[in-house]
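Contents: one structure, followed by commentary.
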Amino acid sequence: MAKQVVVKIDYLIEKYEVKSLRKLAEMCDIRHAALSELNNGKRRNINFGHIERIAETLGIDDITEIIDFVEVDEEKAQPD
59 MAKQVVVKID YLIEKYEVKS LRKLAEMCDI RHAALSELNN GKRRNINFGH
109 IERIAETLGI DDITEIIDFV EVDEEKAQPD
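For the sequence shown, our numbering gives the first residue as 59, with consecutive numbering after it.
As structure tokens, then:
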């Protein structure tokens, strides 16, 4: 099994009662497309400036609330 870092966008939207991905993007001043790509696993490079803005906006002190390290099938893991 391979390991992959994921950004827990859906979790954050639900936990912090943000109305939509678009609203989160607006609140954090991050392009909607960038958050959407992170959410869908289409973006492999994580911009830590985005992680910092999400944390600051939502008042998060623990980075593990935003990102996670999960096991995925190697066939499904995306190459870097």
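For glycine and all other residues, C-beta sits at the position ideal for the given N, C-alpha and C. The structure presented is a predicted model; accordingly, all values stated were derived computationally and were not measured.
Checklist entry - Counting only runs that start and end within the region 88-128, where is the alpha helix (DSSP H) found for 4 or more residues in a row? => result 90-97, 106-116
Next on the checklist: Using the three-state DSSP reduction, which class does lysine 61 fall into: helix, strand or coil?
Outcome noted: Position 3 of the sequence shown, counted from the first residue, corresponds to residue 61. Three-state DSSP puts lysine 61 in a strand.
Checklist entry - When you compare only the Cα positions, how much space is there between alanine 83 and arginine 102? => result The residue labelled residue 83 in the question sits at position 25 within the sequence shown. The residue labelled residue 102 in the question sits at position 44 within the sequence shown. So the two alpha carbons sit approximately 18 Å from each other.
Checklist entry - Buried or exposed: isoleucine 67, going by 16 or more other Cβ atoms within 10 Å of its Cβ? => result Locating residue 67 in the sequence shown gives position 9, where the first residue counts as 1. By the neighbour-count rule (16 or more Cβ atoms within 10 Å), isoleucine 67 is buried.
Next on the checklist: Assuming glutamate 72 is part of the alpha helix (DSSP H), what are its boundary residues?
Outcome noted: Taking the first residue of the sequence shown as 1, we reach residue 72 at position 14. Start and end: 67-73.
Checklist entry - So is isoleucine 121 buried or exposed if we call it buried at 16+ other beta carbons inside 10 Å? => result For the purposes of this step, residue 121 is identified with residue 63 of the sequence shown, where counting begins at 1. Under this definition isoleucine 121 is an exposed residue.
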